[in-house]
Amino acid sequence: MGVSVGIDLGTTFSAVAIIGQDGLPRIVENSEFEKTTPSVIQFRDGEIVFGSEAKEAFSAGDPNCAAFFKRNMGLYKPYGTFGGRSYTAEELSGMLLKHIKSSAENTLGSAIDEAVITVPAYFYSKEREATMEAARLAGLKVRKIINEPTAAVIAYGLNNWRVNANILVYDLGGGTFDVTLVRMGENQVLRTLATTGNRFLGGVDWDERIESLLVEKILESTRFDASESERFKHLLKGSAEGLKKQMSQKSSSKLTIRIPEYGKVTSEISKAEFDQATVDLLEMTGIMCATVLKSAGASWKDVSDTLLVGGSTRMPQVREYLQKLSGKPPIAHVNPDEAVALGAAVQTILADTECVDGPGARIESRLIKPVGASKKISAKSVPNIKLNEVTTHPMGVIAINPEGTMYINELIIPANHQIPTRQARSFKYATSAYGSNELEIYVLQGDRKPLDCVIPYKYVATGIKHGATPETTIRIQYSYDQNGIIHVQARQGDSKTDLPIRKEPVPEDMSMYGKPIEKRPPAPEPLSIMLAIDTSGSMYGAPMQEAKMAMASFVNQFKSRMIGGTARIGILAFTYGPETVLRLTSDPAQCLSAIETIERYGRSGIHPLDGIKSELREAPGRKCSIVLTDGEWSDGGTAIPAAKKCHEAGIEIAAIGFGYFDRAFLSSISSSDANAFLVSRGELESAFGTIAQSLGTQASPKAGEKSRDTQNSEVWDID
Ligand code: ADP
Ligand code: MG
């Protein structure tokens, strides 16, 4: 079995560390005896070169070099074409990791098969997954992904643990910046309080300002515009970093170049000029420090120490600026190039951690037997620092606001929430009676409007069942694992099993989620209607034909509501007693053919209105019955109490009488006088039509959309 290492996979430099015989982490040098390896790859004819040699070629302007690809992690798009083949950032990182691994194996004399890899704290889920993918390509098993600032504090905390100290980690690397507030707790629990960052702010931005200063100086002294020439732009780019580093030691730096038709020109940049040209960059970092303090509910006076990480914190102005902000000198005795890898190495000896959700939850970790080179250490001598990290980004889902007018970001997990965590939320979802009931779940990272967030994933939950009501509840659960990767699950109603879910690429065009939603009528209340028809002898012939046509046209008016699942119709026939011809259904075709079959029906024994009641009692939504009859019932006065029982059960009755009739009887069984219709032959259809209109024949809401429901749901386990 091979050994476990910690790897700092940096934008500009990477480093490897391992736990040594003494139980303390140490850097593993690469094959060139360097402690860090530049994260640059050069594609020479048929040969691939990594590290310092590649970096030199890159600085000299060789276009066959890949650098800064970490910035594109998670995009899964071609980063560049080298040697006639295009590569993604994941592939390039995989190649680099493989090189770093084999170089370290050379030094160690043993195989490496597992690593704790660090990523910037603000890395999104997708970028973390991309890092796992790169490791897989390099043949490395990932023990865990941890955040760079956390790793730095682990390294620092080995010899400097002070219970309840709040450490502000200021990490300014080559291409990225992040700032994190971490608390050293009791029992060596390290707790991240808040974190933020910018992946497009780093040393290279300072380099670019030097390039611009150089262009200005050259233009002043020679009237030659170097920014117009690709060759000179490359040359200045290659020199800028060196000049910047010189200014970390000296008060100025000089560059001499040969300008065509002009000769040798020396441009000098003073430290004061450099500081002035870059002060806004520093201030941007200051603003992010303030943001982090604010989200942790702290201020500078709560910061026990500021820990500087990342090569760019070697610039003296960074130290001065932080001293000004925090009121005390930043910690100087951590090597910014090595701290992150060292901290990662410490995590290689910890077992997988478990976490109890909720505020104040502690992540517990056990110590496991160290592997490989560290085999002989006793557990006691191993630093056992446990992590208690938080989500960097709030996470939500695209939903519809309660007014149904626009798409909103409904938060599921807030920022700075402890991880790992699971959070679930319920949404109302309009099902369709027919067709596929699928719910699109767009994961949002950020707490702004949907299109102002990062949308890392699209999931589609399938197999949603259409029930008695047109709306169902779907519970969406997000889990944020130990590695900062999101998992999504969905369940319908109270179901204990997950809906089948598939991942789909996020569409290029998401613009519809930024536009207002066309106003739609609110979801109508579900309707359950029993059509009850008198089939006694006097109805035979033409009256029955007319009644059937009127009922059919009634059903047709509810067709779209039935298909939409918001109306169901059943049929009952009666003479002395009732008989159910068709139970409530949302299938209009079934209804229409049942109407055709109506003949003489009816059992004696129970009252027709009791038959209606038993069909409708358990039905959802608004319950009503339309009773069509052609003569007063000779039932000895039982109709009125039976009708009363229906009304008490929440069933509305409309009565249509035709032929020779007493209006008072119709009124006595109807829910109100307005629901009693005394009509002549030929008017039946219009009476049914009036009732249909009053019940509302408009269609159901568009199926397949979820709207906000403020309810939090209980979480469940990942299968
Ligand atoms: P990353 O973690 O992004 O790979 P590092 O933490 O290794 O980056 O920092 C690399 C950056 O630090 C580069 O921009 C480099 O120019 C800068 N840097 C390194 N040494 C110095 C120095 N002495 N003065 C100023 N900047 C430096
Ligand atoms: Mg770094």
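Quick note, our numbering runs 935 ahead of the 1-based positions in the sequence shown.
For each residue, glycine too, the CB sits at the ideal point set by N, CA and C.
Next on the checklist: Please tell me whether, using a cut-off of 7 Å, the distance from the CB of residue 943 to the nearest non-hydrogen atom of the ligand MG is below it.
Outcome noted: For the purposes of this step, residue 943 is taken as the residue at position 8 of the sequence shown. Correct: residue 943 has its Cβ closer than 7 Å to the ligand MG.
Next on the checklist: Please report the straight-line C-alpha distance between residue 1363 and residue 1392, rounded to a whole angstrom.
Outcome noted: Locating residue 1363 in the sequence shown gives position 428, counting from the first residue. Locating residue 1392 in the sequence shown gives position 457, counting from the first residue. Taking the straight line from one Cα to the other gives about 21 Å.
Checklist entry - Near residue 1346, which residues of its chain fall below 8 Å by C-beta distance, leaving aside the five closest residues on each side in sequence? => result Indexing the sequence shown from 1 puts residue 1346 at position 411. 1329, 1330, 1331, 1382.
Checklist entry - Does at least one heavy atom of the ligand MG sit under 7 Å from the Cβ of residue 1273? => result On the sequence shown, position 338 is the one that residue 1273 refers to. Result no, Cβ not under 7 Å from the ligand MG.
Next on the checklist: Can you give me the C-alpha to C-alpha distance between residue 1531 and residue 1483, rounded to a whole angstrom?
Outcome noted: Locating residue 1531 in the sequence shown gives position 596, counting from the first residue. Locating residue 1483 in the sequence shown gives position 548, counting from the first residue. Each residue's Cα considered, the two are about 7 Å apart.
Checklist entry - Hey, out of 1386, 1225, 1091, whose CA is closest to residue 1449's CA? => result Working through the sequence shown from its first residue, we reach residue 1449 at position 514. The option with the nearest alpha carbon to residue 1449 is 1386.
Checklist entry - Counting along the chain, where does the alpha helix (DSSP H) carrying residue 1488 start and finish? => result Along the sequence shown, read from residue 1 onward, the residue named residue 1488 stands at position 553. 1477-1492 is the span of the alpha helix (DSSP H), which, as asked, contains residue 1488.
Checklist entry - What residues in its chain sit with their C-beta under 8 Å from that of residue 1311, if we drop five residues either side in the sequence? => result By 1-based counting over the sequence shown, the position of residue 1311 is 376. The predicted position of residue 1311 is uncertain, since its pLDDT is 34 and thus under 50; a value taken from the coordinates is nonetheless stated next. So the list reads 956, once near-sequence residues are dropped.
Item to check | residue 1141 to residue 1279 span [Cα, whole Å] | outcome: Translated into positions along the sequence shown, residue 1141 becomes position 206. Translated into positions along the sequence shown, residue 1279 becomes position 344. Between residue 1141 and residue 1279, the C-alpha separation is close to 28 Å.
Next on the checklist: Rounded to whole angstroms, what is the Cα-Cα separation between residue 1201 and residue 1001?
Outcome noted: The count along the sequence shown starts at 1 and reaches residue 1201 at position 266. The count along the sequence shown starts at 1 and reaches residue 1001 at position 66. Computed Cα separation, rounded: 30 Å.
Item to check | Start-to-end residues for the alpha helix (DSSP H) that takes in residue 987 | outcome: Mapped onto the sequence shown, residue 987 falls at position 52. Segment 987-994, the alpha helix (DSSP H) holding residue 987.
Next on the checklist: What does DSSP give as the partner residue(s) for residue 1256 in the beta ladder?
Outcome noted: The sequence position of residue 1256 within the sequence shown is 321, counting from 1. Residue 1256 is not bridged to any residue.
Checklist entry - Buried or exposed: which applies to residue 1641, given that a residue is buried once 16 or more other Cβ atoms fall within 10 Å of its Cβ? => result In the sequence shown, counting from the first residue as 1, residue 1641 sits at position 706. Residue 1641 should be labelled buried.
Checklist entry - When DSSP labels each residue in this structure, what does residue 1623 get in the three-state scheme? => result Indexing the sequence shown from 1 puts residue 1623 at position 688. Residue 1623: helix per DSSP, three-state reduction.
Item to check | Three CB pairs or more closer than 8 Å across the stretch 1458-1475 and the stretch 1545-1560 | outcome: yes
Checklist entry - With 16 as the cutoff for other CB atoms within 10 Å, does residue 1135 come out buried or exposed? => result On the sequence shown, position 200 is the one that residue 1135 refers to. The residue is exposed, with fewer than 16 neighbouring Cβ atoms inside 10 Å.
Item to check | CB contact flag (residue 1411, residue 1360, <8 Å) | outcome: As a position in the sequence shown, residue 1411 is number 476, starting the count at 1. As a position in the sequence shown, residue 1360 is number 425, starting the count at 1. Yes.
Item to check | Simplified DSSP state of residue 1508, which is helix, strand or coil | outcome: Position 573 of the sequence shown, counting from 1, holds the residue named residue 1508. Residue 1508: strand per DSSP, three-state reduction.
Checklist entry - Got a sec? Which residues, its chain only, sit under 7 Å from residue 1231 by beta carbon, not counting five neighbours each side? => result Residue mapping note: residue 1231 aligns to position 296 of the sequence shown, counting from 1. The residues are 1116, 1128, 1129.
Next on the checklist: Helix, strand or coil, according to DSSP, for residue 1465 in the structure here?
Outcome noted: As a first step, residue 1465 is located in the sequence shown; it is residue number 530 there, counting from the start. The answer is strand: DSSP assigns residue 1465 an E or B state.
Checklist entry - Does the stretch 1177-1191 touch the stretch 1246-1256, meaning 3 or more C-beta pairs lie closer than 8 Å? => result yes
Checklist entry - Of the residues 1525, 1057, 1442, 1207, which one's Cα is nearest the Cα of residue 1326? => result As a position in the sequence shown, residue 1326 is number 391, starting the count at 1. Nearest C-alpha to residue 1326: 1057.
Checklist entry - Hey, how far is the Cα of residue 1121 from the Cα of residue 1045? => result Here residue 1121 is taken as the residue at index 186 of the sequence shown, counted from 1. Here residue 1045 is taken as the residue at index 110 of the sequence shown, counted from 1. Answer to the nearest angstrom: the Cα atoms are 36 Å apart.
Checklist entry - When burial is assigned at 16 or more other CB atoms within 10 Å of the CB, is residue 1503 buried or exposed? => result Within the sequence shown, residue 1503 is the residue found at index 568, counting from 1. By the 10 Å Cβ count, residue 1503 comes out buried.
Checklist entry - Are the beta-carbon atoms belonging to residue 947 and residue 973 less than 8 Å from one another? => result For the purposes of this step, residue 947 is taken as residue 12 along the sequence shown, with counting starting at 1. For the purposes of this step, residue 973 is taken as residue 38 along the sequence shown, with counting starting at 1. For residue 947 and residue 973, yes; Cβs fall inside 8 Å.
Checklist entry - Which stretch, first to last residue, makes up the beta strand (DSSP E) that contains residue 1013? => result To locate residue 1013, count along the sequence shown from 1; it is residue 78. 1013-1017 is the extent of the beta strand (DSSP E) around residue 1013.
Item to check | Pick from 1343, 1623, 1603 that is closest to residue 1561, judged by C-alpha positions | outcome: For the purposes of this step, residue 1561 is taken as residue 626 along the sequence shown, with counting starting at 1. Among 1343, 1623, 1603, the Cα nearest to that of residue 1561 is on 1623.
Item to check | Host alpha helix (DSSP H) of residue 1321 (start-end) | outcome: By 1-based counting over the sequence shown, the position of residue 1321 is 386. Unbroken run through residue 1321 is the beta strand (DSSP E), 1321-1323; no alpha helix (DSSP H).
Item to check | Three-state class that DSSP yields for residue 1006 in the structure shown | outcome: Within the sequence shown, the letter at position 71 stands for residue 1006. Looking at residue 1006 - three-state DSSP - the assignment turns out to be helix.
Next on the checklist: Let me check understanding here. Comparing Cα to Cα, which of 1014, 1282, 1344, 1630 lies closest to residue 918?
Outcome noted: Outside the displayed span of the chain (936 to 1654) sits residue 918, for which this structure offers no information.
Item to check | Whole runs of the beta strand (DSSP E) within the stretch 1546-1616, excluding any shorter than 3 residues | outcome: 1557-1564, 1586-1593, 1611-1614
Checklist entry - Relative to the alpha-carbon of residue 1170, which residue among 996, 1465, 1414 has its alpha-carbon at the smallest distance? => result Within the sequence shown, residue 1170 is the residue found at index 235, counting from 1. Nearest of 996, 1465, 1414 to residue 1170, Cα basis: 996.
Item to check | Any heavy atom of the ligand ADP nearer than 5 Å to the CB - residues listed | outcome: 945, 946, 947, 948, 1108, 1109, 1138, 1176, 1180, 1183, 1245, 1246, 1247, 1249, 1250
Checklist entry - Going straight from the alpha carbon of residue 939 to that of residue 1431, what length do you get? => result Position 4 of the sequence shown, counted from the first residue, corresponds to residue 939. Position 496 of the sequence shown, counted from the first residue, corresponds to residue 1431. Rounded to whole angstroms, residue 939 to residue 1431 spans 39 Å at the Cα level.
Checklist entry - How should residue 1138 be labelled, buried or exposed, when 16 other C-beta atoms within 10 angstroms of its C-beta is the threshold for buried? => result Locating residue 1138 in the sequence shown gives position 203, where the first residue counts as 1. Its Cβ being crowded by 16 or more others within 10 Å, residue 1138 is buried.
Checklist entry - Roughly how many angstroms lie between the CA atoms of residue 1604 and residue 1428, to the nearest whole one? => result Residue numbering aside, residue 1604 sits at position 669 when the sequence shown is read from its first letter. Residue numbering aside, residue 1428 sits at position 493 when the sequence shown is read from its first letter. Taking the straight line from one Cα to the other gives about 39 Å.
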